[in-house]
Each structure stands twice: as C-alpha cells, then as structure tokens.
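Counted the way our numbering counts, the sequence shown spans residues 7 to 505. Just so you know, even glycine gets a beta-carbon here, dropped at the ideal spot from N, CA and C.
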Amino acid sequence: MATSWSGLSFVLADQSYMTLITVLAVTVLWLLWSVSSYFRYRNRLPLPPGNFGLPFIGQTIEYISAVSTADGIRQWVQKQIERHGPLFKYRFMGNPTVILDQPEGNKFIFQNEGTSNHISWPSHISTLLGPHALAVLTGERHKLVRRHLHRFFDHAAMSRYIDAVNRNAIQHFTNHWQGKEQLVALDTTKSFTFSTICKAFSLEEGPLRDRVVEEFHTWAEGAFCLPINLPGFRHYKALKAKGVIFKVFDGLLEQRRQEIAEDRVPEALQKDILNSLLTVPDEEENLLGDSFIKDNLLLLLFAGFDTSGGTLAMTIFYIAKHPHVYEQIMQEQKLITDEKLKNGEDENTLTMEDISAMKYTWKVIQETLRLLPPAVGSYRKTVTDLEYKGYHIPKGWLLNWNNQHSHYNPKYFKDPLKFDPSRWETSPVPFTYIPFGGGPHLCLGYEFAKMSMLVFIHHLVRNYSWSLVDPNYDGPFIRDPFPRTRDNVLISVKQIIAS
Ligand code: HEM
C-alpha cells in the first residue's frame, strides 16, 4: 500500500513537473509572439475597429442567425456600424473578416481583385462546386475561363436564346398557372428558372431533368450548412447528390458527342452551350475536358436558379402589394403586344428589342433586388498586407463585400425601406447598388437573368391578375439563404380573358 502511495506521489510530482514545463513553454511562446508582433506592427497603422469575440467562434453564430432573416442581416450590419463606425472587423468561422465602408469599400475590393485580394469560398462550398467552376477560379485562369463562358451570356447570345425562353414561358403558364385558383408563386417561378437554365444546355423536360431537380435540392442544402462529411449529414448527402447529377451530365455529354460525330445535331441546338463547349478546339491547356464542362453546368444551376426564381417570386409579392405598379407594368407590356399586332406580327413572340422596351418593368425588378438581394455579399481574401483609410488589414484576412449598408442607406436611396420603382428614374451612385456583385466575378448571368425574368413578367401580367392570400403580411422575410415570405408567396390567381 505504502509503495503504491509513494508511487502515486511520484506520478503526481511528475505530472506537476510536466504541467510547470508546459505553462512555462506556453508563456515563453506567447511572450515571443507578443514581442515579435510588437516589432512587426509598431510602425503599422491600427487594425480596423471592431470586436473579434471568442477565439475561432467570434461572431459566427451571431452572423448566421442574423442572416436567416432579411431584416436581421440589415440590422446586424447597421448595429456594427453604429458601434464601430463605417468599417469594422469581426471573426467569421475562425477568419478575421472586415466589412469596409460603402460605397468606397466595395469599389476598393472590386477594383483590386486579382492584385491585393482574390475570391474566397468556404472550403466545403469549393468542394461542392468543383475545381474548374468559374466562381472559384482566380487570376489568369479565371480570366481565361470567363472569356470562354462569356460568349454564351452576352447580348448576342441572348438574341439566340430568347425564342426558346419565350416558348418555355408560354408552356410554363399553360402547365402551372392555367385553371388554378391559388398557387405558391415561389414553386412556380423556381420551376420556370430551373427549366430555362436547363434548356440553355439542352436538358429537356422528362425523368432525367426531374432527377436532377431532386438531387440539386439535396446538393444546394449541403452548400448552406455545417461542413460535416459524415453519413447522415447534409454535406455528405450533397456530395452523393453531386455524383448522381454528374452521371446525368455524363449521359448528356456522351449523347451529344455521338450526335456531333454522326453530324445529326438538330439545327436549333447547334449553338447551345453544350454543343459549343464540346466542339471548341481543345486549345489552351485542354481547357474543355468533361470535368470542366460538368463543374460549370452545375455552377450555372447554383448561380442562376434560386437567385432569379426567388427574385421573380418577391417581384410578384411587391406587385400584389402595389396595384398601381401592376397597372403601369400592364400598360408597358400591352404596348409591346399592340405594336406587334399593328405590324401584323405574331403577338406571342418576343425579341431583345422588346426586352429593351420593358423599362418600367425592369425598374420594378431592380427595386425588388435592392430591398431583397438574393446574395447579401461574399468573400475575398487579402493576398498582401493592405492599408485602407488609415487602417492596416493584414494578409490572409477576409474582406466581405456587402450590399446591406448601401442598399438601405438614406444618403443614396431616399426613404430606403419603401418599395418605390420610380427611384430608378435616375442612376444610383456607382457601387451603392450591387445585387449582382462587381469586379472580375460580376454576375456572368446578368443578361440572362434580366431577359428571362422580363419574359416571365410579360406573360404573367398579360394573362393573369393576382392577390396575396395573406395581404397584411409585410415581413419579416425569411432568408434560407434566399429571401422569401413565410408562405412562399401564396397567391390567388385570376386568368384574364382577352376581350
Ligand atoms: C437575380 C438573379 C441573379 C443575381 C442577383 C445574381 C447575383 C450574382 C452575384 C452577386 C455574383 C457574384 C458573386 C461573388 O462576387 O462572389 C454572381 C456570380 C455569378 N452568376 Fe449570378 N446572379 C443572378 C442570376 C444568374 C444567372 C441566371 C446565371 C446563369 C445562368 C448566373 C451565373 C453566375 C455565374 C456563372 C457567376 C460567377 C461569375 C464569376 O465568378 O466570374 N447568375 N451572381
């Protein structure tokens, strides 16, 4: 017994000794780090104001819970500005992060992208998107791939797609709206935007597309959750879903390759994204391998489907709230149809000239995007130490370009919480209105989103009137992560019978 007690005291003495050494070592390391930081930063400017909170966690939980409602994130940004001033630091998922003052800060980020900062996604989202997806690329590689993809999204490309998008819209209203008394607008607008984007790469209606829709939902849920790659968790399921989607894409590529080889691609498809990506010469480092094509097809769904589907649903919401807006849109769209009838043209066709004539309708969508942008911002990482407005921002910090301050700032948008499309009669101050981002990663699908949303609204107001089932509801709007009402814009619908 005595032996075992003395043994125990020896062990304890040994443990105390080890503890002492550990404490001493940590203290020495901390002192060394503090002294070296002092010498490194003594001549430097101060860090931006703000609070880092707890180690690693920082403001992560606070930010994530704020961003779950549209009002929450606006108020969170506002509160930080009141506390710390127009630019402030916080810690997000372990990363020191800064939101710069606006609009100058947004301009600074966008104009210096590629030199002092580059795009940065949380690693689990980069994994889900894949290494070739345009949105995750930086520098020269990004420029090269963007040039390649841009030709499917410029104005000339829109002139080629508009007819297919228009036919898709007509079909959509026949299938989803005709004969209905009540419907969930968000479900139908998302179904429209999904099918429109799929059409751009010839994934037509049918069981394969239904499968992609289903798996895509699982995939998207995994992009906006905790990145735990274990069975049963959403991120794990998302990776599995990606595998299924890529199998469908493999089938599409194989089929089209065969059609190209046998020279039997239908004329209408000869200039679609798939055909062009498969037939462009394999220049520039074998750019167009299958992995490249599949990563970017998936990116188009990710970037374009919920963003424009959600915006359309919230536009339907705001129009229902403001009957004079409905009347004005109606008049604008009727003029377009009347002109066609007068010229003996088919009233069911639309051209890019018609899209340009939908000026008021576009203002209504712009106002929706100001109040409820699908993306409130995203991240860039500093690749050098920066000096900005008297502050030092170290290399490796995140910069969060963010539209929540400028979109609601009374200095730039009078009475900012009011839905008022007439404010778009004058152009906004540069970098105050950024629902589509800015700089080298500016939304590639801007023209596509604009054209397809306007085509949808054209057919909607020409054929239907609607009202909200919950007319008194005016927020708070949910963000998960895209803005929506709590009933997903449930509306009562009446078909307009032409007199
Ligand atoms: C209302 C509709 C839309 C909004 C508000 C929107 C918004 C945005 C934003 C904010 C970014 C920049 C993200 C960043 O800086 O990190 C972006 C990028 C992108 N968007 Fe859109 N988007 C919309 C529709 C679309 C559509 C319909 C497509 C294509 C079918 C599309 C394709 C893309 C692509 C490919 C990128 C990545 C560009 C790059 O990294 O170079 N978007 N979008």
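Between residue 408 and residue 103, the C-beta gap is not smaller than 8 Å, which leaves the two residues out of contact. Under the three-state reduction of DSSP output, residue 404 falls in the strand class. Annotated three-state conformation of residue 414 is helix, per DSSP. Residue 79 and residue 26 have their C-alpha atoms some 46 Å from each other. In this structure residue 139 is in contact with residue 305, their Cβ atoms being roughly 4 Å apart against a cut-off of 8 Å.
By the Cβ neighbour-count rule, residue 62 is exposed, with fewer than 16 other Cβ atoms within 10 Å of its own.
Between residue 76 and residue 483, the gap from beta carbon to beta carbon is short of 8 Å. Under the 8 Å Cβ criterion, the segment 373-389 counts as touching the segment 124-136, having at least three qualifying pairs.
When secondary structure is reduced to three states using DSSP, residue 328 falls in the coil class, being assigned neither helix nor strand.
Taking the Cβ atoms as the reference, residue 109 lies roughly 5 Å from residue 438, within the contact range of under 8 Å.
Judged by DSSP secondary structure, residue 213 falls within the alpha helix (DSSP H) whose first and last residues are 213-229.
In the structure shown, the three-state DSSP call for residue 171 is helix.
Residue 334 counts as buried, since no fewer than 16 other beta carbons sit within 10 angstroms of its beta carbon. Given a length threshold of 4 residues, each whole run of the alpha helix (DSSP H) inside the segment 249-336 is given here in chain order: 279-285, 289-292, 296-327. Boundaries of the alpha helix (DSSP H) harbouring residue 454: 452-469, taken from the DSSP string.
Here the C-alpha atom of residue 266 lies approximately 12 Å from the C-alpha atom of residue 286. With distances taken between CA atoms, residue 152 lies nearest to 299 out of 480, 394, 299, 474. Ranked by how close their Cα comes to the Cα of residue 200, the residues 145, 256, 279, 307 have 307 in first place.
By the CB criterion at 8 Å, residue 241 and residue 228 fall inside the cutoff. Around residue 205, the same chain offers 170, 174 as residues with beta carbons nearer than 7 Å, after the five sequence neighbours per side are excluded. Note that the C-beta distance between residue 495 and residue 332 is not below 8 Å.
Note on geometry: alpha-carbon atoms of residue 476 and residue 428 lie some 26 Å from one another.
If only complete runs of 4 or more residues are kept, the segment 98-159 shows the alpha helix (DSSP H) at 110-117, 129-135, 145-156, in order along the chain. By the Cβ rule, the segment 412-420 does not count as touching the segment 332-352, because fewer than three pairs are nearer than 8 Å. For residue 478, there are no CB contacts under 6 Å within the same chain when 5 residues up- and downstream are skipped.
Counted as a single uninterrupted DSSP element, the alpha helix (DSSP H) harbouring residue 88 occupies residues 76-90. Under DSSP, no beta-bridge partner is assigned to residue 65.
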